[in-house]
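Each residue of the sequence shown is one higher than the one before, counting from 3 in the working numbering.
In this text, a Cβ means the ideal position worked out from N, Cα and C, and glycines have one as well.
Data block below; observations after.
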Amino acid sequence: MTGTGGNRTTDSGHDTGRASDTIVAADVIITSPGRNFVTLKITTAQGLTGWGDATLNGRELAVASYLRDHVAPLLIGRDPARIEDTWQYLYRGVYWRRGPVTMTSIGAVDIALWDIKGKTTGQPVYQLLGGAVRDRILTYTHATGWDVPQLLDSIDARREQGFLAVRAQSGVPGLDMVYGVTNGAAGYEPAGRGAAPVEEVWDTDAYLRHAPKVLAAARDHVGPELKLLHDVHHRLTPGQAARLGKELEGVGLFWLEDVTPAENQQVLRHVRQHTTVPLAIGEVFNTVWECQSLITEQLIDFVRTCVTHAGGISHLRRIAALAEIWQIALGPHGPSDVSPVALGASLHVGLSTPNFAIQEYMGYEPLVHEVFQHGWSYENGYLHPGDLPGIGIEVDEKLAARYPYEPAYLPVARRRDGSMTDW
Numbered sequence: 003m004t005g006t007g008g009n010r011t012t013d014s015g016h017d018t019g020r021a022s023d024t025i026v027a028a029d030v031i032i033t034s035p036g037r038n039f040v041t042l043k044i045t046t047a048q049g050l051t052g053w054g055d056a057t058l059n060g061r062e063l064a065v066a067s068y069l070r071d072h073v074a075p076l077l078i079g080r081d082p083a084r085i086e087d088t089w090q091y092l093y094r095g096v097y098w099r100r101g102p103v104t105m106t107s108i109g110a111v112d113i114a115l116w117d118i119k120g121k122t123t124g125q126p127v128y129q130l131l132g133g134a135v136r137d138r139i140l141t142y143t144h145a146t147g148w149d150v151p152q153l154l155d156s157i158d159a160r161r162e163q164g165f166l167a168v169r170a171q172s173g174v175p176g177l178d179m180v181y182g183v184t185n186g187a188a189g190y191e192p193a194g195r196g197a198a199p200v201e202e203v204w205d206t207d208a209y210l211r212h213a214p215k216v217l218a219a220a221r222d223h224v225g226p227e228l229k230l231l232h233d234v235h236h237r238l239t240p241g242q243a244a245r246l247g248k249e250l251e252g253v254g255l256f257w258l259e260d261v262t263p264a265e266n267q268q269v270l271r272h273v274r275q276h277t278t279v280p281l282a283i284g285e286v287f288n289t290v291w292e293c294q295s296l297i298t299e300q301l302i303d304f305v306r307t308c309v310t311h312a313g314g315i316s317h318l319r320r321i322a323a324l325a326e327i328w329q330i331a332l333g334p335h336g337p338s339d340v341s342p343v344a345l346g347a348s349l350h351v352g353l354s355t356p357n358f359a360i361q362e363y364m365g366y367e368p369l370v371h372e373v374f375q376h377g378w379s380y381e382n383g384y385l386h387p388g389d390l391p392g393i394g395i396e397v398d399e400k401l402a403a404r405y406p407y408e409p410a411y412l413p414v415a416r417r418r419d420g421s422m423t424d425w
């Protein structure tokens, strides 16, 4: 039995029908309108176009090559309506499975095929996923400051923009560069243009002394209503994470994110035993298998997998379904280091998924909105994917071509003694 589009025949020779459409092209577009994005464009024989995001921050060209060399040739002739079959074909057909490059590539294909299915039926993707279970999607953004007054000013600015949930990140005394804290530009951008990563110096003890005071000051300033979040960014040992969580229980955080390195999931048992602060993890996870024990043992409260990096809409829904059984919510990683295509896809999942709690949203520079023309919208702390057919995104390819790829790397971190640590 054939595995692509066209006539389908059983082993007995019986014709089971003709696919309504076939994929005729799969092209990779790399553009850098302020930062690097990788976009997959799938075109069908009927002239429909589907867009998928394949951006992997700091490793964009690896995914672009994987798509061009190993995935795009396999898509030609396939039926675009067979989304799940294509997902399984690309996943099971790779003996060296999983990992960010493979899963981001599969994610791009999956998003693009859902986009085509929506355009084929004339419906927004969320309608194809069972319809809306909410009217809008709560979002959080980032506030940043080198000291407490700067951070509070930043939080106030986000509140004036209507945000109801804010991630608060502060500088640390004695450190010149700190994750999540702007270096003076309009917004925080960790990826640095250049031939090699920027090296930062990190001091965990200084951070642990400072962070509880900063977050307590933020809570005192905003009162009980604003949802406050904080990202540790994988930097602590289990004991340190448990201590920090205990100290922050009175702050009433919405979540404390990535307290320990994501690879060592068993240590979260220790953290969970010592604090009731809600825990979020998963932006670096690529499949449901990385989330499985964390969910089934209820070691976390929020799964942060990104629709692009976790195999697309189809696989993010599998993660959500497992999490829902254990009363764990989704709070996916989001912009600005994935494109508006990814945000649109995530919002369609969010509008149709009961346990989708919140979506990260830092916004984009105006030029990005010109390249990626989208139907999703933000208003007063909430996002909506819009009701355009498909994902609701179109890409201005001519404008995208004016902004070629620029080498960029995420930073690396060293302790004060010069040894490497997690950034």
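Spell out the partners DSSP gives residue i in its beta bridges.
{"i": "residue 105", "result": "Looking at the DSSP assignment, residue 105 forms no beta bridge with any residue, so it has no partner."}
{"i": "residue 326", "result": "DSSP output for residue 326 lists no bridge partner at all."}
{"i": "residue 380", "result": "385"}
{"i": "residue 39", "result": "33"}
{"i": "residue 45", "result": "27, 51"}
{"i": "residue 144", "result": "169"}
{"i": "residue 257", "result": "231"}
{"i": "residue 331", "result": "304"}
Which same chain residues, not among the five before or five after residue i, have their C-beta less than 8 Å away from its C-beta?
{"i": "residue 203", "result": "177, 178, 179, 415, 416, 417, 418"}
{"i": "residue 407", "result": "32, 33, 34, 38, 62, 63"}
Alpha carbon to alpha carbon, how far is residue i from residue j?
{"i": "residue 190", "j": "residue 82", "result": "38 Å"}
{"i": "residue 184", "j": "residue 344", "result": "24 Å"}
{"i": "residue 326", "j": "residue 320", "result": "10 Å"}
{"i": "residue 309", "j": "residue 290", "result": "12 Å"}
{"i": "residue 121", "j": "residue 259", "result": "37 Å"}
{"i": "residue 197", "j": "residue 267", "result": "33 Å"}
{"i": "residue 125", "j": "residue 246", "result": "46 Å"}
{"i": "residue 173", "j": "residue 296", "result": "30 Å"}
{"i": "residue 306", "j": "residue 333", "result": "5 Å"}
{"i": "residue 116", "j": "residue 359", "result": "22 Å"}
{"i": "residue 405", "j": "residue 369", "result": "10 Å"}
For a test of the three-state rule: what should DSSP assign to residue i, helix, strand or coil?
{"i": "residue 307", "result": "coil"}
{"i": "residue 85", "result": "helix"}
{"i": "residue 366", "result": "coil"}
{"i": "residue 32", "result": "strand"}
{"i": "residue 415", "result": "strand"}
{"i": "residue 406", "result": "coil"}
{"i": "residue 76", "result": "helix"}
{"i": "residue 397", "result": "strand"}
{"i": "residue 361", "result": "strand"}
{"i": "residue 282", "result": "strand"}
{"i": "residue 485", "result": "As shown, the chain starts at 3 and ends at 425. That puts residue 485 outside it, with no answer to give."}
{"i": "residue 126", "result": "strand"}
Leaving out five residues on either side along the sequence, give the residues of the same chain with a beta carbon under 7 Å from the beta carbon of residue i.
{"i": "residue 128", "result": "134, 350, 353, 354, 387"}
{"i": "residue 256", "result": "167, 229, 230, 231, 280"}
{"i": "residue 435", "result": "Not covered by the structure: residue 435. The range shown for the chain is 3 to 425."}
Taking its Cβ as the centre, do 16 or more other Cβ atoms sit within 10 Å of residue i, making it buried, or is it exposed?
{"i": "residue 271", "result": "exposed"}
{"i": "residue 8", "result": "Here residue 8 scores only 42 on pLDDT, less than 50, and its place in the model is too uncertain to base an answer on."}
{"i": "residue 97", "result": "exposed"}
{"i": "residue 400", "result": "exposed"}
{"i": "residue 298", "result": "exposed"}
Within a Cβ cutoff of 6 Å, which residues of the same chain sit near residue i, ignoring the five residues on either side of it in sequence?
{"i": "residue 131", "result": "354"}
The ligand ADP and residue i: does any heavy atom of the ligand fall closer than 8 Å to the residue's C-beta?
{"i": "residue 336", "result": "The ligand ADP is not part of this structure, which contains no ligands at all."}
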